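Protein chains in written order, with this note's numbering: chain A, 146 to 328; chain B, 146 to 328. Note that the Cβ used here is the ideal one computed from N, Cα and C, for glycine as well. Bear in mind that the values here come from a model prediction, so they are computed numbers and not experimental data. Everything on this sheet refers to the single structure shown next.
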DNA sequence: CAAATAAGTTTAGATTCGATACTATATCAG
DNA sequence: CTGATATAGTATCGAATCTAAACTTATTTG
C-alpha cells in the first residue's frame with residue numbers, strides 16, 4: 146500500500162479535480178457560472194448567522210467585491226433573495242428562492258456524493274487538521290460547536306447569540322463555529 | 146452518526162470548498178491565477194502520454210481554447226516548456242521548468258494533504274464510483290491499469306503503446322487509464 | 001460625538017471562459 | 001496517390017469573473 150509517499154494526497158487531488166470538473170459541467174448545463182453553483186450550494190446548508198456576502202466570501206476564499214457582483218447577478222435572475230436584517234441594517238440575509246432550491250436539488254443529484262459513508266470520520270479529521278493549520282475558524286455545524294447548549298428535548302441555545310435553535314438549525318453550517326475539542 | 150441524511154456529502158463539500166479556498170489563497174500569494182496552480186499541479190503528476198493541452202482540458206473540464214491561453218501565459222512567464230513530439234508533430238509535450246517545479250513544491254507544502262493515509266482506500270471507491278457514473282475514463286496510475294504488463298523485476302510495458310515504463314513512470318497519472326477491475 | 005470598525009457596493013483593469021473559426025498534421029477510403 | 005475526415009492546438013470575440021481600491025452606510029468604541 147505505502148510503496149509511494151504522498152499517494153494519499155494524489156488520490157485527494159484527483160477527487161478534488163473530478164469534483165470541480167463535475168461542478169463546472171453542471172453549471173455549464175444550467176447556464177450558470179461555476180461560482181454561482183458554489184454559492185447556491187453554500188446557501189442551502191448555512192445557518193442564519195452565515196447567510197451574508199461576507200460569510201460567503203470567507204467560505205469560498207474570494208473577495209467580497211467579487212462575491213457581491215455574483216450575488217447581484219443571482220438576485221437579478223431570481224435564484225436568491227436579499228432581506229435586510231432588522232437589528233443591524235448593514236447586514237443582508239440571503240436565501241434561496243424556489244428556483245434556486247431546485248437548482249441545488251438537481252446539483253446534489255448530479256454530483257451524488259452519497260454512498261461513501263465510511264469516509265466521514267476520516268474526513269472530519271482531515272478537515273479540522275487543515276482548518277487548524279491555516280487558522281481557519283468556523284464553518285461547522287452547531288452539534289460539534291462549543292457554544293451550543295442542549296437545554297432539553299430537542300431544544301438548543303447558541304451560547305454566543307443566546308438564541309434558541311431548532312433541530313434543523315443545528316445541522317446547518319455556521320461561520321462562528323468553534324470545535325468542541327479545541328483547547 | 147447517521148441521524149442526518151446526506152451528512153457525508155456535506156463533509157465532502159466542505160473539504161472541497163476548503164481545498165479550493167487554500168488553492169486560491171496560495172495562487173494569490175504567488176501572483177498566479179487559480180487555474181495556473183491547477184495546471185502546474187497536474188503537470189507534476191501526469192505521464193508522457195498525458196502532458197498535452199488536450200489532456201489538461203479533459204482533466205480540468207475546461208475548453209482547450211481556454212487552457213491554451215493559460216498555457217501560453219505560463220510559458221511566457223517561464224513556468225513550463227513546450228516540446229514538439231518527434232513522431233506526431235501536432236502534439237506538444239508540456240513540462241515544468243525549475244521555476245514551475247518549485248511552485249508545485251511550495252504548493253504541496255502549503256496545502257499539505259498528507260497525514261490522512263487511512264482515507265486512501267475509501268477515496269479509491271469514491272473516485273471510481275463517480276468516474277463510472279459520469280463516463281469518465283482515464284486519469285489513473287499504471288499500477289491499477291489493465292493495459293499495464295509486469296515483465297519482470299521493476300520492468301513494465303504499456304499494452305496500449307507497447308513502450309517500456311520505469312518504476313517512476315507507473316506512479317504517474319495517465320489519461321488512457323482503464324481500471325483493472327472494469328468489465 | 002468623533003474616530004474607528006464593519007457590511008456591502010462600485011469601479012477599473014487584467015484575465016479567464018466558452019464558442020467559434022482557423023491552421024497544420026495525421027489517418028483513412030477508394 | 002489523393003481527397004475527405006479527424007485530431008492537436010491556436011487565435012479571436014464578447015461576456016463574465018477576479019482582485020484591489022475607493023466608496024457608502026451603519027454600528028461600535030473611546
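Residue contact check for residue 181 of chain A against chain B: no CB pair falls below 8 angstroms. Membership of residue 218 of chain B in the alpha helix (DSSP H) is indicated by the continuous run 209 to 221. Taking the Cβ atoms as the reference, residue 318 of chain A lies roughly 15 angstroms from residue 301 of chain A, outside the contact range of under 8 angstroms. A Cβ-Cβ distance of about 6 angstroms is found for the pair residue 225 of chain B and residue 242 of chain B, placing them in contact under the 8 angstroms criterion.
By the Cβ test, the region 192 to 212 of chain B is not in contact with the region 227 to 245 of chain A, since fewer than three Cβ pairs between them sit closer than 8 angstroms. DSSP lists A/239 as the bridge partner or partners of residue 227 of chain A.
In this structure, the CA atom of residue 233 of chain B is about 26 angstroms from the CA atom of residue 222 of chain B. Around residue 288 of chain B, the same chain offers 315 as residues with beta carbons nearer than 6 angstroms, after the five sequence neighbours per side are excluded. Annotation: residue 263 of chain A to residue 281 of chain B spans about 24 angstroms, alpha carbon to alpha carbon.
Counting every other CB atom within 10 Å of its CB across the protein chains shown gives residue 285 of chain A a total of 16 or more, marking it as buried. Below 8 angstroms, too few C-beta pairs join the region 161 to 169 of chain A and the region 205 to 216 of chain A to call them touching: fewer than three. According to the DSSP assignment, residue 294 of chain B belongs to the beta strand (DSSP E) that extends over 293 to 295. Per the C-alpha coordinates, the member of B/183, B/215, B/292 and B/217 positioned closest to residue 159 of chain A is B/183. Chain order gives the chain A residues near residue 160 of chain B as 268, 271 and 272, where near means a beta carbon separation below 7 angstroms. Minimum Cα-Cα distance from residue 153 of chain B among the listed residues B/245, B/191, B/268 and B/175 corresponds to B/268. Counting the other Cβ atoms within 10 Å of the Cβ of residue 296 of chain B gives fewer than 16, which makes it exposed. Around residue 251 of chain B, no beta-carbon contact reaches into chain A at under 9 angstroms, the shortest distance being about 14 angstroms. A distance below 8 angstroms separates the beta carbons of residue 172 of chain A and residue 181 of chain A.
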